[in-house]
Amino acid sequence: MTITLTTSHIAKNIVVEYENKEQWHVVESALQKINSGPIGHELLVELRDISVRGKNIKITPNEIDTFIAPRLTMSQIKRFNVPYDEFDSYHSEIAESLARRDGLVSKGPGTSATVYWNPALSAGIKDDGHPFPILDPSISYVSLSHELIHAYHIVDGVYHGGIKDNNFDPASQNAIEEFKTVGLREYSSERFSENLIRLEHGLPFRQFYSIDPQDDF
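Counting in our numbering, the sequence shown runs from 1025 upward without gaps.
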């Protein structure tokens, strides 16, 4: 299996890690769709502008799941003397701590980020506003934009995720990260959110984070 890393033609600070040309074109097509709206375009421009001091974003298409992980820059790897392997537990621990906001005011230094993206998976929205998983590649660019908003928080050092707490506790840091990323509750006026991307493409708003219809968050 040959793995190729190529800089995106749509967003120059994003590299795509792919096994075949089809994966490359799927990622580029999704980035082009995101870039076609004013909010999506601004998100990609802002990601470029804050990707300094060796930070970048890597998108790895796969057939399993969609999620995000902070990743140390080369200078951070040397500074903390940790393995280059982003799957190493110590590497991940240091990366998550540097990506997070330090208290209520101070930003962390931020890190690079890796987006693992399954282009077949999407989130449909029920009439009550709860999401549900569907296989619809035509709108999977929304899930990619969701992860790129997480990446924006990671690179900027204001990430709330990655903490080993209960993701389904609406008072947890992980939940706050998701509320900010989707644009829910008091975070509905965030500069970038999944719901703003949905709005500019005429898709229904996501009114809840949880897929469980019994949950009110």
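Note that CB positions come from ideal geometry on N, CA and C, so glycine has one too.
In this text, all values refer to a predicted model and were calculated from it rather than measured experimentally.
Taking C-beta separations shorter than 7 Å and ignoring five residues to either side along the sequence, the partners of Ile1187 in its chain run Gln1197 and Asn1198, following chain order.
In this structure, the beta-carbon distance from Gly1181 to Gly1132 falls below 8 Å. By the C-beta criterion, the stretch 1094–1102 is judged to be in contact with the stretch 1134–1152, since at least 3 inter-stretch pairs fall below 8 Å. Separation of the CB atoms of Ile1058 and Leu1168 is rounded to 7 Å, and the pair is thereby assigned contact status at 8 Å. Per the C-alpha coordinates, the member of Leu1029, Ile1235, Ile1063 and Gly1061 positioned closest to Gln1047 is Leu1029. Note on geometry: alpha-carbon atoms of Ile1163 and Ser1213 lie some 23 Å from one another.
Distance check between Ile1083 and each of His1177, Val1040 and Ser1146 places Val1040 closest, using alpha-carbon atoms only. Residue environment analysis places Phe1203 among the buried positions, since at least 16 neighbouring C-beta atoms fall within 10 angstroms of its C-beta. Just measuring C-alpha positions, the residue of Ile1200, Phe1232 and Leu1055 sitting nearest Ile1034 is Leu1055. Take the alpha-carbon of Asp1240 and the one of Arg1209: they are about 11 Å apart. Asn1086 and His1049 have their C-alpha atoms roughly 13 Å apart.
For the stretch 1079–1164, the continuous beta strand (DSSP E) assignments of 3+ residues that do not extend past its boundaries occur at 1081–1085, 1091–1095, 1136–1141, 1145–1149 and 1155–1159, in sequence order.
Of Arg1077, Tyr1042 and Asn1044, the smallest CA-CA separation from Val1179 is found for Arg1077. CA-to-CA, the gap between His1154 and Arg1124 works out to about 28 Å. Close CB contacts of Glu1171 within its chain, under the 6 Å cut and outside five residues either way in sequence, are with Ile1092 and Val1139 (chain order). With contacts defined by Cβ atoms closer than 8 Å, Leu1122 and Ala1144 do not form a contacting pair. Put simply, the backbone Cα of Gly1061 is about 21 Å away from that of Ile1149.
Straight-line measurement puts the Cα of Glu1066 at about 15 Å from the Cα of His1174.
Here Thr1028 is bridged, per DSSP, to Tyr1042.
Separation of Tyr1165 and Val1206 (C-alpha to C-alpha, rounded to the nearest whole angstrom) is 14 Å. Within the same chain, Glu1041 and Glu1043 come within 7 Å of Ile1027 by CB-CB distance, once the 5 residues on both sides are set aside.
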